[in-house]
Amino acid sequence: MPICINQNGDVFDEFLPVSEEEAAQMNLDFPITHALVVARNKDGFLLLHNTWKNHWELPGGILEPGESLRECAIREMAEETNQTSDHVTFRGMMKFRLKDGRIEYGGLFCADIDQERPFVINNEASRIVFWDGQQDIGYIDEIDKELLKYY
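Residue numbers (the working numbering): 176 to 326.
Below, the structure written as C-alpha cells:
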C-alpha cells in the first residue's frame, strides 16, 4: 500500500530505514537518482517555492556523477535555499513510482539550521520559508509534506 500519492500521480511507495553505509552498499533493481533534505530551525521546516512547478517543496535534487547522497543533499540545499547545516543526518531510502512509470530511489536526510542565512533567488527557487506546519502558504507537494514526518 502506498505511503502517499501527490496530485501529479507520483507515488511514495516505501521508506527503507537503513544506515547511510547500508544505502551505499544496496543492490537495487532501480536507480538511486536523488537526495532530499527535511531541514528545520526554531520557526519550522525549510521549504522552497519552486519557480518551475509553482509550488512549495523540500530542498533536494539529482545526484551528479561521482557524488554521494550526502554530498548531493548538502549541495542542493545550499544551491536552492542558501542554507547550510553542521548537523545533517541520514534517515533512509525512499522508493518512488513516478507517473510516467519510472521507479527510482532517493536518500532522505534531516538537517538542523542553527543560523538562517539570507536567501538568494536562483533559477529554481523564488523564495523560502520556515513553515510552522499550520500557516496556509499555498500548495505543498503531498509527498514532501509526508516526508516532514521523518524529521
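Quick reminder that beta carbons are idealized off the backbone N, C-alpha and C, glycines included.
For residue i, count neighbouring Cβ atoms within 10 angstroms of its own Cβ and tell me buried if that reaches 16, exposed if not.
| i | result |
| --- | --- |
| L295 | The question names Leu, yet the displayed sequence has Val at residue 295. By the neighbour-count rule (16 or more Cβ atoms within 10 Å), V295 is not buried but exposed. |
| D209 | Per the sequence presented here, residue 209 reads as His, with Asp not at that position. The residue in question, H209, is buried, as its Cβ has 16 or more Cβ neighbours within 10 Å. |
| K320 | buried |
| Q290 | exposed |
| D316 | buried |
| G282 | buried |
Can you list, in chain order, the residues of its chain whose CB lies under 7 Å from that of residue i, leaving out five sequence neighbours each side?
| i | result |
| --- | --- |
| R302 | H224, F294 |
| N253 | The amino acid at residue 253 is misidentified as Asn; the sequence shows Ala. Closer than 7 Å at Cβ, skipping near neighbours: T259. |
Between the C-alpha atoms of residue i and residue j, what's the straight-line distance to the nearest angstrom?
| i | j | result |
| --- | --- | --- |
| I249 | N229 | 23 Å |
| A226 | A300 | A small correction: the amino acid at residue 226 is Thr; Ala does not occupy that position in the sequence shown. Spanning the two alpha carbons is a distance of roughly 5 Å. |
| L244 | M269 | 12 Å |
| I312 | L238 | 29 Å |
| V213 | L221 | 7 Å |
| E195 | T264 | 9 Å |
| E242 | Q200 | 15 Å |
| G235 | D185 | 17 Å |
| P192 | R266 | 6 Å |
| W231 | I318 | 11 Å |
| L273 | F187 | 8 Å |
| D261 | C285 | 11 Å |
Since residue i sits in a beta bridge, which residues does DSSP pair it with?
| i | result |
| --- | --- |
| D287 | R215, H262 |
| A300 | N225 |
Apart from the five residues just before and just after residue i, which ones in its own chain have a Cβ nearer than 6 Å to its Cβ?
| i | result |
| --- | --- |
| E279 | F205, P206, T208, F271 |
What does a CB cutoff of less than 8 Å around residue i pick up in its chain, not counting 5 residues either side in sequence?
| i | result |
| --- | --- |
| N216 | D287, I288, D289, E291, F305 |
**OP:** Taking only runs that begin and end inside the region 217–283, name each unbroken alpha helix (DSSP H) of 4 or more residues, in chain order.
**Re:** Here the runs fully enclosed are 244–256.
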